[in-house]
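A.B. asks:
There are 2 protein chains.
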Amino acid sequence: MSAVRLARRAALLAPTLPVTTGRIAFDSGHASPALLPDLTAEAARALSAHRAEVLQYAPRAGLPAMRAWIAAHTTADGAAIGPDDVLVTNGAKHALELVCRLLLDEGDAVVVTAPTYFSAIPIIRSFGAEFLEVGQDREGLDVEALGALLARRRAAGQPPPRFLYNVPDYHNPTGITMTGARREALVTLARAAGLLLVEDSPYRLVRFEGEPLPTLKALAPDIVLQLGTFSKLLAPGLRVGWVAAPAPLVARMAQLKTDAGSCPLTQRTILEFCEGGRLAGHTASVQATYRAQRDRMAAALRRELPDADFDLPLGGYYLWLTLPDEFDGEVVERLAREAGVSPLAGSRFFARPDADHPRHHLRLAFSHATPAEIEEGVALLGAVCRTAALAR
Amino acid sequence: MSAVRLARRAALLAPTLPVTTGRIAFDSGHASPALLPDLTAEAARALSAHRAEVLQYAPRAGLPAMRAWIAAHTTADGAAIGPDDVLVTNGAKHALELVCRLLLDEGDAVVVTAPTYFSAIPIIRSFGAEFLEVGQDREGLDVEALGALLARRRAAGQPPPRFLYNVPDYHNPTGITMTGARREALVTLARAAGLLLVEDSPYRLVRFEGEPLPTLKALAPDIVLQLGTFSKLLAPGLRVGWVAAPAPLVARMAQLKTDAGSCPLTQRTILEFCEGGRLAGHTASVQATYRAQRDRMAAALRRELPDADFDLPLGGYYLWLTLPDEFDGEVVERLAREAGVSPLAGSRFFARPDADHPRHHLRLAFSHATPAEIEEGVALLGAVCRTAALAR
């Protein structure tokens, strides 16, 4: 079967999320409505002082000022890069699609964690790639297991995987933050094995505690393609993301972009926001709000679901709940939706549905629901689980 | 070679346009700077009254209000469709890419005119399709030749082409408007042959004379996928286009969209503009301005290049110039760029570069240059052609 046909078929099998029907959304990567910034002044400046720029076609690789800002931002975060190392995209998913278009041939192997970000799965699959899964523990991706996997492939005469995709900071869905030692070990192994690393980093600034650890990009800029976005920090609707990669790869991905340039109006509006000095204060609000919502959810879970287990994520939007072994997350998800709250079954987050994955996890987003909804939603979820346990 | 590898290779061979270096841009599909509307009030309303809508993720198929507006607009233009028949995209090129993802398998045949829109070529080619070319005359696509081509394939036991791509209104690059009789003949033939029609219609409202003819979509809504955009009417930078197609195809293309929804901010800003009653007046300005610029260019060409030939386009952005047979458009393009004006060689617009196509055409955009630049640019072009003729 051709790659194209595979792509169509894969997309039709893609884990399209159910439309949220419950009153309380724990399934959504939406932002807290309270955090959506007022961008009217920024858009007005973009549309007046920069009218010709924002209403004509933009350069396919992004506005030069936007590329420069992202390069400076990335450099301040430890990876010294220049504007030519940045491609502006229509969000981070579009960045991942372009990375796949650049790197993947049908049948290539791609390494992902088990579980991994569910929206990455159909994008990678649509290029006819084969998924290889590696596990995680509390320190992040199991680099030792990855080394064994690579060695087995070498011994069997199989080519190395084309890239590894991971979310080292506040992993989606597990919330795990890779330790510094694991990051070092991963880039050392990847370099030795000729493995490219795709570091998806949407939540990097949505940090609740402690100091940030070095990004993979900072540790090995030449072998890391880092995906970034303004969606999780500023507003999902702006649809501006990027990939930071060596300049020759950026130039080729720009050629693969068929969209006549990403929207210059949203790029310039974001630049006005960031260069106008609002980003630091907004980031602090984002961190404080989501930290409080995480804590609210954690306290409610301890009270309402004392038999369930979770680690407190140090950032991001999600909490990964481990129910007692005998629970089926898909059943709980369905019953919870009927009760008015929408967790996501953990089973949605595995790239290889055929493998023997645990079924007793739920991903709960604490980003979109209000604190009162978090209380009510967790109470509903607790009631659903108690009913499900009694029905056994 | 796999489709994916083909796609990468094709994109690397794509006719990436040279960066305009001359002072006077005849190569560009940019809008006239004088026509870029003031959208500050519209964006402000979008960002205040509709803040949650425009800053969160939007539905993947588009804002319901945008889909409804496009459906009503298309219905008023003769094709009765509903919101479910509309997919909002990041511009019309993105719409074409999604149509290709939906319809094409590697090795499928696609019919295009010779010449055709150059940006469509690498997109279609990247899916591993084979191009079949049909000619045009002053009445548009040669339907008789198409019928013969389809009959030859049938006789040879070859499958019918997967679709035909065309720009019936103010064709890019030739400016030809298909006559009503040709449109009727095309849809009759397509229906009999099981051929889908992709009608690219970016210039539909950029009409200078006469009454509009029925769109292919109006004549045969069930077999036509119509591509539209706000780029050529309102502003290219907004990056909002659409495809109007039967609802089941729209639903499948929405699944193939990996971008988490097109930007709701630009969609809502456009809605504010259109629903606020500004579209009709703006369309009249667009028509008057580009009509005057076309006339200015035509008069200058008659004066400066009396040996060259052209038909006056009834709409659109471009004039297709036929130089005397012995001229090579690529040489003229290069010399003209050195002289400070940038026509595009006609050879860029043929999908099959191996075929024996004429080489003495130029495409001249009259949309972006000011009237004074049009005068100066045509004078420079005339001088270049006289020098080139002398150098023989």
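Chain order of the listed sequences is A and B. Be aware that the first sequence starts at 711, since it is given in the numbering used here, and climbs by one per residue. Be aware that the second sequence starts at 711, since it is given in the numbering used here, and climbs by one per residue. Ideal Cβ positions, reconstructed from N, Cα and C, are used throughout, including at glycine.
Under 6 Å Cβ to Cβ from GLY904/B, same chain only, skipping five residues before and after it: list those, please.
C.D. replies: Along the second sequence, read from residue 1 onward, the residue named residue 904/B stands at position 194. Same-chain partners within the cutoff: PRO870.
A.B. asks: At what residues does the alpha helix (DSSP H) containing ARG864/A begin and finish?
C.D. replies: As a working note, residue 864/A is residue 154 in the first sequence. Element bounds for ARG864/A: 853-865.
A.B. asks: Determine the chain B residues that contact PRO974/A at a beta-carbon separation under 7 Å, and present them in chain order.
C.D. replies: By one-based count along the first sequence, residue 974/A stands at place 264. Correct list: GLY947.
A.B. asks: Beta strand (DSSP E) containing LEU842/B: first to last residue?
C.D. replies: Numbered from 1 along the second sequence, position 132 holds the residue referred to as residue 842/B. It spans 840-844 - the beta strand (DSSP E) in which LEU842/B sits, taken as one unbroken run.
A.B. asks: Is SER911/B buried or exposed, if buried means 16 or more other CB atoms sit within 10 Å of its CB?
C.D. replies: Reading the second sequence from its first residue, position 201 is the one you call residue 911/B. SER911/B should be labelled buried.
A.B. asks: So ARG901/A and ALA861/A are supposed to be a Cβ contact under 8 Å. How far apart are they, rounded?
C.D. replies: For the purposes of this step, residue 901/A is taken as the residue at position 191 of the first sequence. For the purposes of this step, residue 861/A is taken as the residue at position 151 of the first sequence. Between ALA861/A and ARG901/A the Cβ distance is about 15 Å, and since that is not below 8 Å, they are no contact.
A.B. asks: So, do the region 847-859 of chain A and the region 873-889 of chain A have three or more beta carbon pairs nearer to each other than 8 Å?
C.D. replies: Taking 8 Å as the limit for Cβ pairs, the verdict is that the region 873-889 of chain A does touch the region 847-859 of chain A.
A.B. asks: Suppose you measure from the CA of GLY1039/A to the CA of PRO1016/A; what does that come to, to the nearest Å?
C.D. replies: Residue numbering aside, residue 1039/A sits at position 329 when the first sequence is read from its first letter. Residue numbering aside, residue 1016/A sits at position 306 when the first sequence is read from its first letter. Going by the C-alpha atoms only, they are around 17 Å apart.
A.B. asks: Is there a Cβ from chain B that is less than 8 Å from the Cβ of PRO958/A?
C.D. replies: As a working note, residue 958/A is residue 248 in the first sequence. No, its Cβ sits nowhere closer than 8 Å to a Cβ of chain B.
A.B. asks: With distances taken Cα to Cα, identify the nearest neighbour of LEU1029/A among PRO974/A, ALA824/A, THR939/A and PHE1076/A.
C.D. replies: Working through the first sequence from its first residue, we reach residue 1029/A at position 319. Cα-wise, what sits closest to LEU1029/A is PHE1076/A.
A.B. asks: Quick check: the region 964-973 of chain A against the region 920-940 of chain A, are at least 3 beta-carbon pairs closer than 8 Å?
C.D. replies: Segments in contact, no.
A.B. asks: Tell me which residues share the same chain as ALA1055/B and place their Cβ nearer than 6 Å to its Cβ, disregarding the 5 neighbours each side in the sequence.
C.D. replies: As a working note, residue 1055/B is residue 345 in the second sequence. These residues qualify, in order along the chain: GLY1039, GLU1040 and GLU1043.
A.B. asks: Express the C-alpha separation of VAL877/B and PHE1020/B in angstroms, rounding to a whole number.
C.D. replies: For this step, residue 1020/B is matched to residue 310 along the second sequence. For this step, residue 877/B is matched to residue 167 along the second sequence. One C-alpha to the other measures close to 18 Å.
A.B. asks: Does the structure place the region 1058-1076 of chain A close enough to the region 807-827 of chain A that three or more beta carbon pairs sit under 8 Å?
C.D. replies: As far as the Cβ criterion goes, the region 807-827 of chain A touches the region 1058-1076 of chain A, which means the pair count is three or higher.
A.B. asks: How long is the line joining the alpha carbons of THR785/B and ILE791/B, rounded to whole angstroms?
C.D. replies: Translated into positions along the second sequence, residue 785/B becomes position 75. Translated into positions along the second sequence, residue 791/B becomes position 81. Those two C-alpha atoms are separated by around 6 Å.
A.B. asks: For chain A, find out if any of its Cβ atoms is closer than 8 Å to the Cβ of VAL764/B; answer yes or no.
C.D. replies: Within the second sequence, numbered from 1, the residue matching residue 764/B stands at position 54. Chain A contact via Cβ: present.
A.B. asks: Between the region 732-748 of chain B and the region 766-781 of chain B, can you find at least three pairs of beta-carbon atoms closer than 8 Å?
C.D. replies: Judged by Cβ distances under 8 Å, the region 766-781 of chain B makes no contact with the region 732-748 of chain B, as fewer than three pairs qualify.
A.B. asks: So PRO743/A and PHE983/A are supposed to be a Cβ contact under 8 Å. How far apart are they, rounded?
C.D. replies: Your numbering for residue 743/A matches position 33 in the first sequence. Your numbering for residue 983/A matches position 273 in the first sequence. Wrong, their Cβ atoms sit about 18 Å apart, outside the cutoff.
A.B. asks: For THR939/A, which three-state DSSP category applies?
C.D. replies: Here the question's residue 939/A lines up with position 229 in the first sequence. Here THR939/A sits in strand by DSSP.
A.B. asks: For the structure I just gave you, are there three or more beta carbon pairs, one from the region 1078-1098 of chain A and one from the region 853-867 of chain A, closer than 8 Å?
C.D. replies: Touching, no, given that fewer than three Cβ pairs across the two stretches are closer than 8 Å.
A.B. asks: Any C-beta of chain A sitting closer than 8 Å to the C-beta of GLY1087/B?
C.D. replies: Along the second sequence, read from residue 1 onward, the residue named residue 1087/B stands at position 377. So, not an interface residue.
A.B. asks: Quick check on PRO946/B: does DSSP put it in helix, strand or coil?
C.D. replies: Looking up residue 946/B in the second sequence gives position 236. The answer is helix: DSSP assigns PRO946/B an H, G or I state.
A.B. asks: Using the beta-carbon of each residue, which ones in chain B are nearer than 9 Å to ASN800/A?
C.D. replies: Taking the first residue of the first sequence as position 1, residue 800/A is located at position 90. Within chain B, the residues near ASN800/A are ASN800, HIS804, ARG949, ASP969, ALA970, SER972 and CYS973.
A.B. asks: Alpha carbon to alpha carbon, how far is GLN965/A from PRO725/B? Give it in angstroms, no decimals.
C.D. replies: Counted from its first residue, the second sequence places residue 725/B at position 15. Counted from its first residue, the first sequence places residue 965/A at position 255. Its pLDDT being 45, under 50, PRO725/B is placed unreliably by the model, and nothing is read from it.
A.B. asks: Would you please verify whether the beta carbon of ILE833/B is less than 8 Å from any beta carbon of chain A?
C.D. replies: Position 123 of the second sequence holds residue 833/B. Taking Cβ atoms only, chain A reaches closer than 8 Å to ILE833/B, which makes this a yes.
A.B. asks: Helix, strand or coil for LEU1091/A? Go by DSSP, reduced to three states.
C.D. replies: By 1-based counting over the first sequence, the position of residue 1091/A is 381. Helix, per DSSP.
A.B. asks: List the residues of chain A whose Cβ lies closer than 8 Å to the Cβ of ARG761/B, in chain order.
C.D. replies: Taking the first residue of the second sequence as 1, we reach residue 761/B at position 51. The answer, in chain order, is LEU746 and ASP748.
A.B. asks: Helix, strand or coil for PHE873/B per DSSP?
C.D. replies: Within the second sequence, residue 873/B is the residue found at index 163, counting from 1. Reduced to three states, the DSSP call for PHE873/B is strand.
A.B. asks: Let me make sure I understand the geometry here. Which of GLN868/B, THR939/B and VAL953/B has the alpha-carbon closest to that of GLY947/B?
C.D. replies: Your numbering for residue 947/B matches position 237 in the second sequence. Cα-wise, what sits closest to GLY947/B is THR939/B.
A.B. asks: Would you check if the distance between the CB atom of LEU937/B and the CB atom of ALA805/B is smaller than 8 Å?
C.D. replies: What you label residue 937/B is simply residue 227 of the second sequence in a count that begins at 1. What you label residue 805/B is simply residue 95 of the second sequence in a count that begins at 1. Contact flag set, yes.
A.B. asks: Using 10 angstroms around the beta-carbon of THR1097/A, count the other beta-carbons present and answer buried if the total reaches 16, otherwise exposed.
C.D. replies: If you number the first sequence from 1, residue 1097/A lands on position 387. With fewer than 16 other Cβ atoms within 10 Å, it is exposed.
A.B. asks: Can you give me the C-alpha to C-alpha distance between VAL809/A and TYR913/A, rounded to a whole angstrom?
C.D. replies: Taking the first residue of the first sequence as position 1, residue 809/A is located at position 99. Taking the first residue of the first sequence as position 1, residue 913/A is located at position 203. One C-alpha to the other measures close to 19 Å.
A.B. asks: List in chain order: all unbroken beta strand (DSSP E) runs of 3+ residues lying wholly within the region 814-839 of chain B.
C.D. replies: Those beta strand (DSSP E) runs which fall completely within the region 814-839 of chain B and span 3+ residues are 819-823.
A.B. asks: Cutting at 7 Å between CB atoms, please list the residues of its own chain near MET999/A, excluding the five before and the five after it.
C.D. replies: Along the first sequence, read from residue 1 onward, the residue named residue 999/A stands at position 289. In the sequence under discussion, the amino acid at residue 999/A is Thr, which differs from the Met named in the question. Excluding residues within five positions, the ones whose Cβ falls inside 7 Å are SER742, ALA744 and LEU745.
A.B. asks: Starting from the Cα of ARG811/B, find the closest Cα among ASP787/B, GLU894/B, ALA781/B and ARG962/B and give me that residue.
C.D. replies: By 1-based counting over the second sequence, the position of residue 811/B is 101. Of the candidates ASP787/B, GLU894/B, ALA781/B and ARG962/B, the one whose C-alpha sits nearest the C-alpha of ARG811/B is ARG962/B.
A.B. asks: Could you pull out every residue in the same chain whose Cβ sits closer than 6 Å to the Cβ of THR993/B, ignoring the five residues on either side in sequence?
C.D. replies: For the purposes of this step, residue 993/B is taken as the residue at position 283 of the second sequence. Excluding positions up to five away in sequence, the list reads LEU915.
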